[in-house]
Structure formats: structure tokens, C-alpha cells
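Residue numbers (numbering that gives the first Met the number 0), protein chains in the order written: chain A, 0 to 327; chain B, 0 to 301.
Cβ coordinates follow ideal geometry from the N, Cα and C atoms, glycine included.
On a predicted model such as this, the values are computed, not experimentally measured, just so you know.
Read the structure below first, then the notes.
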Amino acid sequence: MRNGLFEWEKPLYELELRIEELQKFTADKDMDLSREIATLEKKAEYLRREIYQNLTAWQQVLLARHPKRPTTLDYVELIFDDFLELHGDRYYRDDPAIVGGLATFEGLPVTVIGPQKGRDTKENIRRNFGLPHPEGYRKALRLMKQAEKFQRPIVCLIDVVGAYPGIEAEERGQGVAIAQSIRHMSFLRTPIVCIITGEGGSGGALAIGIGDRILMLEHAWYSVISPEMCAQILWKDSSKAPEAAEALKLTAKDLLSMNAIDEIVPEPLGGAHKNHQEAAANVKAALRQALASILPIPLDILVEERLERFRQLGQWQEKAVAASEARK
Amino acid sequence: MQVNGCLEGVDSMFKDLFRTKPKYVTVRPQAVSIKQDSSAGLWEKCPNCENLIYKKGLEQSFYVCEKCDFHFRIDVWERLRQIVDEGTFEELHTDLVSDNPLGFPGYPEKLAQAREKTGLDEGLIAGRAVIQGNPCMLAIADFDFMAGSMGSVVGERVTRTFEVAMEQELAAVVFSAGGGGARMQEGVLSLMQMAKTSQAVERHHQEGLLYLSVLTNPTLGGVYASFASLGDFLLAEPGALIGFAGPRIVEEATRQKLPNGFQSAEFALEHGMIDKIVHRKDLRQVIGRILHMHRKGLVPSA
């Protein structure tokens with residue numbers, strides 16, 4: 000990638016440059032090139048659709064990782080009013096890789112939680128590249144329980160490669176923190192909307208991904224394992240990540256077809272990084288609709304339906320087993 | 000019979016108490032299992048201390064090296080033989096057969112190989128059992144079946160273990176050996192099994208029923224980060240590898256030298272992640288004793 004542009008966008012970029020040049024030329028030299036420009040624009044439009052609507056799974060993964068893609072705090076700023084960040088898990092420390100706090104969504108107080116990647120190198124180092132430690136998940140769970148107490152809806156914005164695979168993270172119980180978060184989040188008596196905005200990396204994403212409505216941005220990915228790691232384990236070759244990405248069926252469309260998510264939130268053409276405002280407006284509209292559909296549901300039913308949704312996930316064949324055949 | 004079993008349990012617990020320094024044995028998941036390594040000979044070499052062990056003796060010593068306490072990997076049938084009252088295991092949910100929901104390349108072949116290798120249809124068997132006179136629901140994972148990983152069928156069997164346990168007001172005992180974590184080949188559906196199983200555990204928990212989780216070598220990834228670490232009691236076999244990210248992944252990600260015994264059961268105990276390490280020879284008694292103490296309607300003897 001150069002200048003935030005992907006290789007596959009280059010032909011389009013060059014065409015756009017040429018159009019710009021012609022427009023400038025028209026203005027400077029007072030020559031009418033509108034017909035040429037119109038032709039090129041038509042071509043660009045065609046190319047744009049051709050490129051962005053036929054992205055491979057791996058291209059989607061790269062898009063979801065674009066350094067200029069809006070982060071959790073970007074969305075928070077653009078979607079909610081007066082965000083009040085709250086810190087700490089009350090056991091060990093505050094994990095800057097997960098942010099959370101109080102905010103107002105169109106007049107309604109909510110709790111917002113999400114992993115936070117850095118927007119530059121310095122912030123990335125401080126936030127451990129958005130890879131949470133157990134205390135991040137414990138903070139998230141603490142804030143979720145607080146939301147339950149005050150009957151505030153919870154909004155989780157998910158963008159995380161995975162839970163941090165570090166020595167201290169293991170010492171402090173990364174696996175247990177994730178398991179406990181999944182367990183308790185599943186039974187919270189308050190509405191939960193989860194939105195996978197970028198990367199949905201395995202248990203580190205699922206730990207804050209149990210919701211009544213689960214939305215996913217068009218170019219986000221969500222999988223049991225990252226394509227690189229999958230390729231490394233299966234084929235001992237992480238450069239086969241594009242094949243792994245294809246095989247894992249990790250795009251928003253794939254997940255919708257498996258009922259793992261409820262809805263795909265459209266992105267600006269070319270990806271959310273092209274226009275933060277537009278991306279956030281789409282997320283906002285989808286969130287408004289999701290909240291409106293679950294807020295009226297009585298809590299008992301809400302929790303039951305949440306559990307039932309996950310209960311149904313999985314696929315197998317059933318073979319006939321005569322009672323006498325069953326191994327004793 | 001019940002009292003007897005109980006006392007034996009107490010006895011072994013006290014023995015543990017007075018044991019001197021804990022022995023650190025780190026067992027890597029790739030440590031060969033007994034079945035694979037069995038050359039035609041009568042002797043088996045301990046992968047840890049290289050001690051030569053007479054195979055017939057190994058069977059009597061619970062597949063534990065008498066010299067260094069290394070716990071060999073055992074299959075589900077040997078586990079049943081060691082843990083369950085003879086003839087009481089009744090396997091359930093055998094009608095579930097793994098599919099290839101993503102059309103993942105090579106998955107059907109991997110499944111076929113695993114079936115061939117283990118004689119099992121999936122990486123975990125589940126059913127009703129009696130342990131030292133205590134009825135319970137039991138599930139046992141087999142590492143030799145695709146690294147004990149959890150796909151839809153394993154997830155469903157674990158979930159049903161807890162559901163049937165709820166219906167019948169029984170305790171659940173689960174032996175996990177999920178070194179492979181959530182199974183890659185079923186993609187996000189495997190990931191969702193983490194949610195499904197954890198929710199089943201919690202429902203069972205809310206009924207006030209007992210869940211005893213035994214972590215055997217190795218328990219990692221999505222298996223550890225869901226049902227396996229959610230037991231009321233977490234027991235582990237000595238030397239079992241326990242953690243979220245496996246040691247190789249941690250080493251690669253951090254480029255740090257891993258501490259001695261990193262992610263061993265002893266390490267997990269030291270860091271407060273498990274209740275107790277139980278030697279395989281004592282496992283039946285300890286489980287039996289815990290199950291017995293949670294029987295309903297126990298009253299103080301007059």
C-alpha cells in the first residue's frame with residue numbers, strides 16, 4: 000500500500016488524477032473538454048464499481064485494517080454526545096486497548112465499549128495496537144454490569160485482531176477473562192447492540208460480541224482465527240493468508256448467510272476510511288434502528304431470545320442411531 | 000462403598016498436602032501419545048525422562064511414568080476405564096456427525112483421518128456415567144482427534160451434556176483436551192460454540208448444579224476460553240499445558256523467552272487459575288469425593 004492506496008485501486012486513482020488534470024486544464028486554458036471528462040468519469044464510475052464490489056476476502060481483510068479506517072473513538076465522537084470515559088477493572092490496572100464509558104445516543108444514555116487501536120505509532124504503542132489484556136475484558140464486563148444495574152443499553156464497537164498473546168496476559172488469565180465475559184454478557188438484563196466495525200478476531204472479539212442485535216460493517220471481517228495464523232497452522236506458510244481468508248468465510252456477507260450477524264452496515268464506496276462522516280452516519284442509522292427494535296422487548300424475553308440465537312448456531316448432519324446400536 | 004471411596008480421597012488429598020516441592024514438568028502438546036509411539040516392542044520410552052517402561056506396567060500405573068510422573072496422553076476409553084464405575088457409561092448424542100459447512104478445503108479428509116486414527120466419530124464423547132457411586136453427565140475430549148478442537152458437533156455435545164444434566168438434576172464432569180481450541184475448519188461457527196457452551200454452563204450453574212472441569216494436556220484457545228475454564232472446580236493433571244494462546248504463539252508475538260514451566264498446570268495453580276493439580280492415580284477418588292459432597296440432602300450425622 001502507498002499513500003493509503005491499495006494496489007488494486009491504482010488504475011482508478013490514475014484515472015481520477017487524469018480527470019482532475021483535465022478539469023484544471025479546462026479552467027486554466029478556457030478550453031471545453033467536458034466531453035472527454037464525461038467519458039472518463041463514466042469509465043471511472045464503472046471501474047469504481049468493478050473494483051469495490053468484487054473485492055476478494057483478503058482484500059476485505061486489508062480494507063478492514065486500513066490505517067485511516069475510523070477507530071472506536073472516532074465513531075464514538077461522530078455518533079454519540081458527551082462521551083465520558085471510565086477507567087479500570089478494579090483488580091489490576093486500566094487497559095488502554097479497550098475504552099468504555101457513558102455516552103448519550105440521541106438523548107438516550109448508553110454504555111459504549113470497544114477495543115481501541117492507535118491512530119499513530121505513538122498511540123498504538125500506548126494502546127498495545129488495540130490488543131487487550133485480561134484487565135481490558137474485566138473492565139468491559141464491569142462497565143456492562145454497571146449498565147445492567149442502571150438499565151442502560153450497551154453498545155459494543157468491535158475492532159480487534161485478537162486478545163493479546165503475551166506472557167503477562169496469560170499469567171493474569173486471558174482465557175478465563177474471555178470466558179467470564181462471554182458467560183456474563185450472555186445473561187445481562189439490558190439491551191445489547193454489537194457492531195463489528197473492523198476486525199473481529201476470534202475470542203478477543205466474541206468476549207464483547209454477545210448481543211441482541213449484531214451488526215457488521217460491509218468490509219469488516221469476523222473469524223475464529225486470523226487468516227495469517229490459519230495459513231501458518233494449516234500450511235506452515237503465513238503468506239498463504241489470502242487463501243485462508245477465502246476458506247474461512249469471514250466477510251460480512253458470509254456471516255450473514257450463517258446467521259452469525261443480523262445486518263450489514265454499508266460503507267462509503269471504497270471503504271470507511273474514504274469518508275469517516277458517511278461511515279459514522281451509516282452506523283448511526285443502523286444503531287438507531289437496532290435499538291428501536293429491541294428497546295420495547297421485555298427483558299426476560301430479550302435474554303431468552305439472545306440465548307436462543309446462539310443455541311441455534313452450528314451445523315452438522317444427523318445419522319439415524321438405533322437405540323441398540325448406541326455404544327454402551 | 001461410598002464411605003470407602005470418600006476416605007481414600009481424603010487420604011490422597013492429605014498426601015498431596017505434605018508433598019514437598021511441586022515438580023515442574025512442562026508437557027508440550029506435541030509430546031507423543033502412547034498409541035502413536037507404540038513400536039512393536041514391549042517397552043515404552045518416557046518422552047520426558049527417557050526412562051524405559053514395561054508396557055504392561057504402564058497400564059497398571061495409569062499411564063504415568065513411575066520415575067518422573069510424566070502423564071502419557073490417554074484415549075477416551077482408557078480415561079473411562081480409569082474414572083468411571085465399570086459398565087456405567089452410556090454414550091449419548093452419537094447421532095451428530097460433522098459436516099463441512101464452509102466447504103473448507105481438506106476438512107473432510109482430516110475428519111476421515113482422525114476417525115481412522117482414534118476410532119471415534121468426533122473429538123469428544125458424552126454421556127451418562129457413575130463415578131464412585133455418583134451419577135453424573137460426563138464428557139471427555141480426545142486430543143488425537145484433530146487436536147481435541149471444538150467444531151459444531153463438539154460444541155453441541157458439550158451443550159447437551161449440560162442440558163441433560165439440568166433436566167436430570169445431575170452434576171457435569173468434563174475432561175477437556177482442546178489443544179486445537181475452536182476448530183478453524185468450521186470458521187465462525189466454531190467460534191460461536193464458545194458462546195453456546197458457556198451459556199449452557201451458566202444455565203446449569205443457575206440451577207445450583209455442580210460442574211467439575213478437568214483440564215488435561217493440553218487445554219488451550221477457545222476451549223479454555225469457554226466451557227473448560229468455567230467449572231465450579233478446576234482440576235488439572237500434572238504437567239498439563241493450560242492457557243489461551245499457545246506457547247509458540249506467545250513466543251512469536253512477544254519475542255521473549257518464556258518463563259520456566261510457562262502455562263503448565265503448576266504455573267496455572269501458582270497464578271490462581273485452577274483449584275488443584277491431581278495425579279492421575281488419585282483423580283477418580285477426588286472427583287468421586289467432590290461429587291459425593293454435592294449430593295442433595297446430605298445432613299449432619301447425629
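Going by other Cβ atoms of all chains shown within 10 Å of its Cβ, with 16 needed for buried, is residue i buried or exposed?
i                      : result
residue 315 of chain A : buried
residue 107 of chain A : exposed
residue 306 of chain A : buried
residue 102 of chain A : buried
residue 245 of chain B : buried
residue 149 of chain B : buried
residue 179 of chain A : buried
residue 149 of chain A : exposed
residue 286 of chain A : buried
residue 74 of chain A  : buried
residue 218 of chain A : buried
residue 31 of chain B  : Confidence at residue 31 of chain B is low in this model, with a pLDDT of 48, below 50, so the placement of that residue should be treated as unreliable; the coordinate-derived value is given next. Exposed: under 16 other Cβ atoms inside 10 Å.
residue 11 of chain A  : buried
residue 135 of chain B : buried
residue 41 of chain B  : exposed
residue 27 of chain A  : exposed
Given that residue i touches chain A, what residues does it touch there, using C-beta distances under 8 Å?
i                      : result
residue 77 of chain B  : Correct list: empty, because the minimum Cβ distance to chain A is about 15 Å.
residue 195 of chain B : 309, 310, 312, 313
residue 253 of chain B : 164, 165, 166
residue 154 of chain B : 313
residue 57 of chain B  : The contacting residues do not exist; residue 57 of chain B stays about 25 Å from chain A at best.
Taking CB distances under 8 Å as the criterion, tell me whether residue i reaches chain A.
i                      : result
residue 46 of chain B  : no
residue 22 of chain B  : Because the pLDDT at residue 22 of chain B is just 48, under 50, the model does not fix this residue reliably, and the value given afterwards should be weighed accordingly. Not one chain A Cβ lies under 8 Å of residue 22 of chain B.
residue 93 of chain B  : yes
residue 176 of chain B : no
residue 228 of chain B : yes
Tell me whether the beta-carbon of residue i lies closer than 8 Å to the beta-carbon of residue j.
i                      : j                      : result
residue 284 of chain A : residue 69 of chain A  : no
residue 91 of chain A  : residue 134 of chain A : yes
residue 167 of chain A : residue 242 of chain B : no
residue 117 of chain B : residue 176 of chain B : no
residue 113 of chain A : residue 126 of chain A : no
residue 191 of chain A : residue 203 of chain A : no
residue 295 of chain A : residue 281 of chain A : no
residue 193 of chain B : residue 147 of chain B : no
residue 229 of chain A : residue 213 of chain A : no
residue 195 of chain A : residue 136 of chain A : no
residue 61 of chain B  : residue 280 of chain B : yes
residue 82 of chain B  : residue 130 of chain B : yes
residue 32 of chain A  : residue 25 of chain A  : yes
residue 201 of chain B : residue 151 of chain B : no
For a cutoff of 8 Å on Cβ pairs, would you count residue i as touching chain B?
i                      : result
residue 257 of chain A : yes
residue 277 of chain A : no
residue 217 of chain A : no
residue 185 of chain A : yes
residue 232 of chain A : yes
residue 26 of chain A  : no
residue 318 of chain A : yes
residue 139 of chain A : no
residue 229 of chain A : yes
residue 239 of chain A : no
residue 106 of chain A : no
residue 292 of chain A : no
Going along chain D in order, which residues have a C-beta closer than 8 Å to the C-beta of residue i?
i                      : result
residue 169 of chain A : No chain D appears in the structure shown, which is made up of the protein chains A and B.
The alpha helix (DSSP H) spanning residue i covers which residue range?
i                      : result
residue 193 of chain A : Looking at the DSSP string, residue 193 of chain A is not in any alpha helix (DSSP H); the run it does join, the beta strand (DSSP E), is 191-200.
residue 223 of chain B : 220-223
residue 76 of chain B  : 75-82
residue 10 of chain A  : 9-28
residue 229 of chain A : 226-234
residue 290 of chain B : 279-292
So with CB distances below 8 Å, who are the chain B contacts of residue i?
i                      : result
residue 222 of chain A : 186, 187, 190
residue 173 of chain A : 224, 242, 243, 244
residue 254 of chain A : 187
Identify the contact partners of residue i in chain B, using a Cβ-Cβ distance below 7 Å as the criterion.
i                      : result
residue 181 of chain A : 193, 194, 197, 225
residue 306 of chain A : 198
Would you mind telling me which residues of chain A sit closer than 9 Å to residue i, beta carbon to beta carbon, in chain order?
i                      : result
residue 270 of chain B : 169, 170, 171, 172
Kindly indicate the opening and closing residues of the beta strand (DSSP E) around residue i.
i                      : result
residue 117 of chain B : Unbroken run through residue 117 of chain B is the alpha helix (DSSP H), 106-117; no beta strand (DSSP E).
residue 82 of chain A  : 80-84
residue 213 of chain A : 212-216
residue 190 of chain B : Per DSSP, residue 190 of chain B belongs to no beta strand (DSSP E); it is in the alpha helix (DSSP H), 186-205.
residue 113 of chain A : 107-114
Return yes when the C-beta of residue i is under 7 Å from any heavy atom of the ligand ADP, and no when it is not.
i                      : result
residue 308 of chain A : This structure lacks the ligand ADP, and indeed carries no ligand of any kind.
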